[in-house]
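Protein chains: 2
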Amino acid sequence: MRVKDLALLSITLIVSITVAWGGNPCCSYPCENGGVCMTKGDNYYCDCTGLDFSGKNCETPTFMKRIKLWLKPAPSTLHSLMVNNKWLWNIVNNIGFLREYVMKKVLTMRADLIDSPPTYENHHDYITMDSQFNYSQYTRTLPPVPSDCPTPMGIWGKKEMPDVGEIVNAMFVRKEFLPDPRGSSTLFSFFAQHFTHCFFKTDIKKGPEFQWGGHGLDVTHVYGKNKHSENLLRSFKDGKMKTQVINGEEWPPNVDKVPVDMTYPGNVPKENRFAMGHEFYGLLPGLLMYGTIWVREHNRVCDIMKKEHPEWDDERLFQTVKLIILGETIKVVIEDYVQHLSNYNYKLMFKPDLLFGELFQYQNRIALEFNHLYHWHPLMPDEFNINGTKYNLKEFLFHPEVVVKHGMREFVDSLSKQRAGAFGPYNHGPFTIPVVRDLISHGRKLRLQPFNNYRKKFNMKPVKTFEELTGEKKLSKILQNFYGDINAVEFYVGLIAQKRREKAMFGETLVEIGAPYFTEGADDQPHM
Amino acid sequence: MRVKDLALLSITLIVSITVAWGGNPCCSYPCENGGVCMTKGDNYYCDCTGLDFSGKNCETPTFMKRIKLWLKPAPSTLHSLMVNNKWLWNIVNNIGFLREYVMKKVLTMRADLIDSPPTYENHHDYITMDSQFNYSQYTRTLPPVPSDCPTPMGIWGKKEMPDVGEIVNAMFVRKEFLPDPRGSSTLFSFFAQHFTHCFFKTDIKKGPEFQWGGHGLDVTHVYGKNKHSENLLRSFKDGKMKTQVINGEEWPPNVDKVPVDMTYPGNVPKENRFAMGHEFYGLLPGLLMYGTIWVREHNRVCDIMKKEHPEWDDERLFQTVKLIILGETIKVVIEDYVQHLSNYNYKLMFKPDLLFGELFQYQNRIALEFNHLYHWHPLMPDEFNINGTKYNLKEFLFHPEVVVKHGMREFVDSLSKQRAGAFGPYNHGPFTIPVVRDLISHGRKLRLQPFNNYRKKFNMKPVKTFEELTGEKKLSKILQNFYGDINAVEFYVGLIAQKRREKAMFGETLVEIGAPYFTEGADDQPHM
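Going line by line, the protein sequences match chains A and B. Note that full-length UniProt numbering numbers the first sequence so that position 482 is 482, with each residue one more than the last. Note that full-length UniProt numbering numbers the second sequence so that position 501 is 501, with each residue one more than the last.
Okay, here's the thing in structure tokens:
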């Protein structure tokens, strides 16, 4: 009872504050458990429709919900279960139906947290029809902070946000390279970079909230952004993509032969301008590497399919192999990439029919918050050691030919042996500093809600102190100085600042928010 | 056993025919129950993955499926149950949870028949990635007939399709007006016309398979096709749409004041050029009528919402009322329009949360076949009687001002008293003949599969004879002469030719195919 009294008191306090400033009472985000705050003149009420909660602030669970909540393990307990207990998972991994059951649970539990159909977009702090029918924006999981709030973070923090440059200098700039404690390789970080480009396609000319992609894993990173590019990249023989041979190895063709849109600065000689599905893939040798691997794989599968179906024409071979490459991509992403990310002892599996007959929405929209969360630039080291030759990042930038020079085998092998950077504070190299600076500015422009609001949305308790967030004192102090209030910490800053989880590459929040987006996105695929 | 032997024999025959012509063996559509036919050199096999059937042609149900099939009532039995037994439905309609249970079943059973994510598009007779990521086409429920088949209908019918003009003359041209036997009014037919325009948006310049809409009920028929049009139509005061007063009544503004794209021929005087959400709404007074009703309703709801939320600005009022208008549209569509269409004694209900926690895909794609099926031009009479004044269709075409002249009340009242035409043969008026001619030609260009294949896809038995299809002899003979084989009848021709169901406006096939499309489409909406 005491706790409840306290809760009521604090609500009363919030309401009093609200009334005192006479502004929008929803700025304090008083509604709990997904309730929607509605102004009512100078007052507010919470719409708890469809929730298992009622009360002024949707704070009282139904009897059944109370029991469910009581039985439900905390995210950290579940995580601990998955990354430990090797003996248990060895058993589960070897019993087909158990392994499938767990995978089904992993998928549906994660995906359940994503609102589908999508609810919000970037230009309104309430539900609009545009969220459903306007594909040109990233969707929003939480709506923007209303513009009539006392502070940019609602009611918390200062009237003016702290200077981005100062924040970046204080807690983002790399002093010395901090390696990933889980031992992730640079091969892993290039994998992340290459495949996320296929669904994060910001239309920055229109603004950071706009995008021009297909809201899913559409393998445009291999086949080009549209039919025109695809046709340029195709050989129209046996379903295959165009390639060229250099030093006895197959590589993508050059742009002078295959004039797809690619972003190369003027000083890149034409023999180093490779034509690929994604216009940024000339940026780094690691991207040419993955681009080439997929083109080679496409052509390899074409040979197999042609043997299997000699009666198929070029078009059918191409279209079918494109679907197979999508399937392979998702398989590698789930069973290798996410497996590594998660550090689970449970062996994840790609098996689309697990979801047939399950409550799962195939429709996907890429969320702005997912895009922000996937800024993993600390993983990039300052220099690369390719079989003894050292390249700093500047010598890598727009030098895709480095892969060709070393050859695919040597290059891949070297990347696999080099450690990626740790995701966390003090680890953005000089070339990625402008990126993080822009990212934080974009978050402010689009009025992203505070870090703690996202924790609540994804069923985590808000962190109460800066030390609880970071797990140490120095960074806590820095954050305290900048933000004043733990509830005023920005989304990306919170993700970077959070202490790493047990046996993990990331903090709790990044994974608990990222995994649901990921699950909904990777399975938004045509039945094959 | 005898039946099975016969089945095997007929399969053997089909296979022999196949081998005899040496062409694509999938042209005979040998795979049953949703199995996917794959060529294997000169032979074929059926991919039964994910089905409850196995065997060479996916013809053998599992034990459980056999029992389910045995228990499952035929579509005609279900229909009969719904349109009769008034006493039973009176009980169900009055017991809340029973009524909700039936509605849930109606929705999920219907929607289950639609493949989601979408599988086919118009340019390939096999699954491609475009079906998922290319929104510029209507989707396809059944893929096109392969172009290397012996006949345009697979293996059935003649090598050359019968002449479209001759078919239209023989079985579409109206000799005398045939009224709808269920007593539907012309108010009903204009309702159908006005609201389907919001999701059938063929981009005919690119081709009949292309479209430019949002693949759902997006109320663009009220608010315009894009932000630019929407902004032109808005007053930016209290959330309202622009209107003008003529004869003391509210009407949409004129195009010279609100320059949205509208299709008016040159001879329409500027005071008769009304500006509305859909560019075709100047075509007929019945469309101006509905366009006006929605604009007035929008403004009426704005007044209510402003009283409820005096703190809301114009933008929030507008966006929220737009969502309310969408909700009202769906409610009217389900509870009045579909209720009338279905002729069920069960009272349908609009209650979105019935689907929460159900297996239902919100994602929607408008199918080409749905577009074809929704060509209900026989419902249009040749003349309209507006309170004693008779207008032939020519006097209606591009004369929206007729509504204004008579006033809304008199016009609506008159339409509600006039009978619509019957959906069926010999009932296309002169102005709609070019439409049906184009429709059949488009179906051929896009190689729509035969009528009977669609019956199978939607769990109906293929019709075996022309007489079984039409229920009479004269039309059977006409069809026999044109097509030779019942399996060669075209999709739209079959829909028009089929005998009307008991107490219904349409034949069995149109409803059993249309209802699933409808269910998936109307509920593809943002949560409200």
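Glycine included, C-beta positions come from ideal geometry on N, C-alpha and C.
Which residue marks the beginning of the alpha helix (DSSP H) containing Gln-132 of chain B, and which one marks its end?
Taking the second sequence and counting its residues from 1, one reaches residue 132 of chain B at position 132. Counting along the chain, the alpha helix (DSSP H) containing Gln-132 of chain B begins and ends at 130-133.
In the DSSP assignment, the alpha helix (DSSP H) including Asn-364 of chain B goes from what residue to what residue?
Looking up residue 364 of chain B in the second sequence gives position 364. Element bounds for Asn-364 of chain B: n/a, residue is neither H nor E.
Assuming the contact rule is C-beta atoms closer than 8 Å, Asp-485 of chain B and Trp-156 of chain B should be a hit. Round their C-beta distance to whole Å, please.
One-based indexing of the second sequence puts residue 485 of chain B at position 485. One-based indexing of the second sequence puts residue 156 of chain B at position 156. About 4 Å; that satisfies the 8 Å criterion.
Please report the straight-line C-alpha distance between Phe-431 of chain A and Asp-382 of chain A, rounded to a whole angstrom.
Translated into the one-based positions of the first sequence, residue 431 of chain A becomes position 431. Translated into the one-based positions of the first sequence, residue 382 of chain A becomes position 382. Roughly 9 Å between the two C-alpha positions.
Flag Tyr-126 of chain A as yes if its beta-carbon sits less than 8 Å from any beta-carbon of chain B, otherwise no.
On the first sequence, position 126 is the one that residue 126 of chain A refers to. Taking Cβ atoms only, chain B reaches closer than 8 Å to Tyr-126 of chain A, which makes this a yes.
At the level of alpha carbons, what is the spacing between Glu-279 of chain A and Leu-510 of chain A?
What you label residue 279 of chain A is simply residue 279 of the first sequence in a count that begins at 1. What you label residue 510 of chain A is simply residue 510 of the first sequence in a count that begins at 1. The alpha-carbon atoms of Glu-279 of chain A and Leu-510 of chain A are separated by roughly 28 Å.
Beta-carbon spacing of residue 549 of chain B, Phe-200 of chain B below 8 Å:
Nothing in the structure corresponds to residue 549 of chain B, since chain B is present only between 1 and 528.
When the Cα of His-428 of chain A is compared with those of A:Glu-176, A:Lys-322, A:Ile-366 and A:Asn-247, which residue comes out closest?
Counting from 1 along the first sequence, the entry for residue 428 of chain A is found at position 428. Answer by Cα proximity: A:Glu-176.
Measure the alpha-carbon distance for Leu-446 of chain B versus Trp-87 of chain A and round it to whole angstroms.
Translated into positions along the second sequence, residue 446 of chain B becomes position 446. Translated into positions along the first sequence, residue 87 of chain A becomes position 87. If you take the alpha carbons of Leu-446 of chain B and Trp-87 of chain A, they lie about 58 Å apart.
What does Pro-310 of chain B touch in chain A if you count any residue whose Cβ is under 8 Å from its own?
As a working note, residue 310 of chain B is residue 310 in the second sequence. In chain order: Gly-41.
Can you list, in chain order, the residues of its chain whose CB lies under 7 Å from that of Asn-57 of chain A, leaving out five sequence neighbours each side?
Within the first sequence, the letter at position 57 stands for residue 57 of chain A. Ile-11, Pro-30, Cys-31, Glu-32, Gly-35 and Cys-46, listed in sequence order.
Test: Met-408 of chain A CB closer than 8 Å to a CB of chain B
Here the question's residue 408 of chain A lines up with position 408 in the first sequence. Output row for Met-408 of chain A: interface = no.
Taking the straight line between their C-alpha atoms, what separation do you get for Pro-117 of chain B and Gln-132 of chain B?
The residue you call residue 117 of chain B lines up with position 117 of the second sequence. The residue you call residue 132 of chain B lines up with position 132 of the second sequence. About 7 Å.
For the putative contact between Gln-211 of chain A and Asp-203 of chain A, defined by C-beta atoms under 8 Å, what is the C-beta separation to the nearest angstrom?
Start at 1 with the first residue of the first sequence, and residue 211 of chain A comes out as number 211. Start at 1 with the first residue of the first sequence, and residue 203 of chain A comes out as number 203. Gln-211 of chain A to Asp-203 of chain A, Cβ: 6 Å. Contact.
Say whether chain A places a C-beta atom closer than 8 Å to the C-beta of Lys-322 of chain B.
What you label residue 322 of chain B is simply residue 322 of the second sequence in a count that begins at 1. So yes, Lys-322 of chain B belongs to the interface.
What whole-angstrom Cβ distance do Gly-507 of chain A and Glu-249 of chain A have, given they're in contact under 8 Å?
Taking the first sequence and counting its residues from 1, one reaches residue 507 of chain A at position 507. Taking the first sequence and counting its residues from 1, one reaches residue 249 of chain A at position 249. In fact, because the Cβ distance is near 41 Å, the residues do not count as touching under 8 Å.
Looking at the strands, I want to know which residues DSSP matches up with Gln-211 of chain A.
In the first sequence, the residue the question calls residue 211 of chain A occupies position 211. Answer by DSSP bridge pairing, in chain order: A:Thr-202.
For Val-332 of chain A, tell me which candidate among A:Glu-271, A:Phe-188, A:Lys-225 and A:Cys-37 has the shortest Cα-Cα distance.
Numbered from 1 along the first sequence, position 332 holds the residue referred to as residue 332 of chain A. Nearest C-alpha to Val-332 of chain A: A:Phe-188.
Between the Cα of Tyr-135 of chain A and the Cα atoms of B:Leu-81, B:Gly-213, B:Ser-185 and B:Thr-139, which residue gives the shortest distance?
In the first sequence, counting from the first residue as 1, residue 135 of chain A sits at position 135. Cα-wise, what sits closest to Tyr-135 of chain A is B:Gly-213.
Check each candidate in B:Trp-70, B:His-197, B:Lys-159 and B:Lys-40 and name the one with the smallest Cα separation from Tyr-374 of chain B.
Here residue 374 of chain B refers to the residue found at position 374 when the second sequence is read from its first residue. For the residues B:Trp-70, B:His-197, B:Lys-159 and B:Lys-40, the minimum Cα distance to Tyr-374 of chain B belongs to B:His-197.
Within chain B, the residues that Gly-214 of chain A reaches when beta carbons sit closer than 7 Å
Start at 1 with the first residue of the first sequence, and residue 214 of chain A comes out as number 214. Phe-133, listed in chain order.
Take every Cβ of the region 254-267 of chain B, pair it with every Cβ of the region 401-419 of chain B, and state whether three or more of those distances are shorter than 8 Å.
no
Any idea what DSSP makes of Phe-236 of chain B, helix, strand or coil?
As a working mapping, residue 236 of chain B is identified with position 236 in the second sequence. Looking at Phe-236 of chain B - three-state DSSP - the assignment turns out to be coil, as it is neither helix nor strand.
Would Lys-322 of chain B be called buried (16 or more neighbouring beta carbons within 10 Å of its own) or exposed?
Reading the second sequence from its first residue, position 322 is the one you call residue 322 of chain B. So Lys-322 of chain B counts as buried.
Considering just the uninterrupted stretch of the beta strand (DSSP E) at Asp-47 of chain A, what are its terminal residues?
In the first sequence, the residue the question calls residue 47 of chain A occupies position 47. From DSSP, the beta strand (DSSP E) with Asp-47 of chain A extends over 43-47.
Nearest to Leu-81 of chain B by alpha carbon, out of B:Pro-25, B:Pro-516 and B:Lys-503?
In the second sequence, the residue the question calls residue 81 of chain B occupies position 81. Here the closest residue by C-alpha is B:Lys-503.
Judging by CA-CA distance, which residue of A:Asn-481, A:Lys-456 and A:Met-380 is the nearest neighbour of Glu-467 of chain A?
What you label residue 467 of chain A is simply residue 467 of the first sequence in a count that begins at 1. Of the listed residues, the one whose Cα sits closest to Glu-467 of chain A is A:Asn-481.
Can you give the Cα-Cα distance for Pro-143 of chain B and Asp-125 of chain B, rounded to whole angstroms?
Here residue 143 of chain B corresponds to residue number 143 of the second sequence, with the count starting at 1. Here residue 125 of chain B corresponds to residue number 125 of the second sequence, with the count starting at 1. Distance between the alpha carbons of Pro-143 of chain B and Asp-125 of chain B: 5 Å.
Report the CB separation of Val-168 of chain A from Ile-433 of chain A in whole angstroms; it is logged as a contact under 8 Å.
Taking the first residue of the first sequence as 1, we reach residue 168 of chain A at position 168. Taking the first residue of the first sequence as 1, we reach residue 433 of chain A at position 433. Indeed, because the Cβ distance is near 6 Å, the residues count as touching under 8 Å.
DSSP three-state call for Ser-147 of chain B: helix, strand or coil?
Along the second sequence, one-based indexing puts residue 147 of chain B at 147. The answer is coil: DSSP assigns Ser-147 of chain B none of H, G, I, E or B.
According to DSSP, Cys-37 of chain A sits in a beta bridge with which residue or residues?
As a first step, residue 37 of chain A is located in the first sequence; it is residue number 37 there, counting from the start. Answer by DSSP bridge pairing, in chain order: A:Cys-46.
Alpha helix (DSSP H) segment containing Gln-480 of chain A, residue limits:
Taking the first sequence and counting its residues from 1, the one referred to as residue 480 of chain A is at position 480. Unbroken alpha helix (DSSP H) run through Gln-480 of chain A: 474-483.
Evaluate the contact criterion for the region 94-104 of chain B versus the region 294-308 of chain A: three or more CB pairs, one atom per stretch, below 8 Å.
no
Quick check: what's the CA-CA separation for Asp-303 of chain A versus Met-241 of chain A?
As a first step, residue 303 of chain A is located in the first sequence; it is residue number 303 there, counting from the start. As a first step, residue 241 of chain A is located in the first sequence; it is residue number 241 there, counting from the start. The alpha-carbon atoms of Asp-303 of chain A and Met-241 of chain A are separated by roughly 12 Å.
Counting contacts by CB-CB distance shorter than 8 Å, is Asp-47 of chain B in contact with chain A?
Here residue 47 of chain B corresponds to residue number 47 of the second sequence, with the count starting at 1. No, Asp-47 of chain B lies away from the interface with chain A (no Cβ there is under 8 Å from its Cβ).
C-beta neighbour in chain A for Arg-316 of chain B, strict 8 Å
As a position in the second sequence, residue 316 of chain B is number 316, starting the count at 1. Output row for Arg-316 of chain B: interface = yes.
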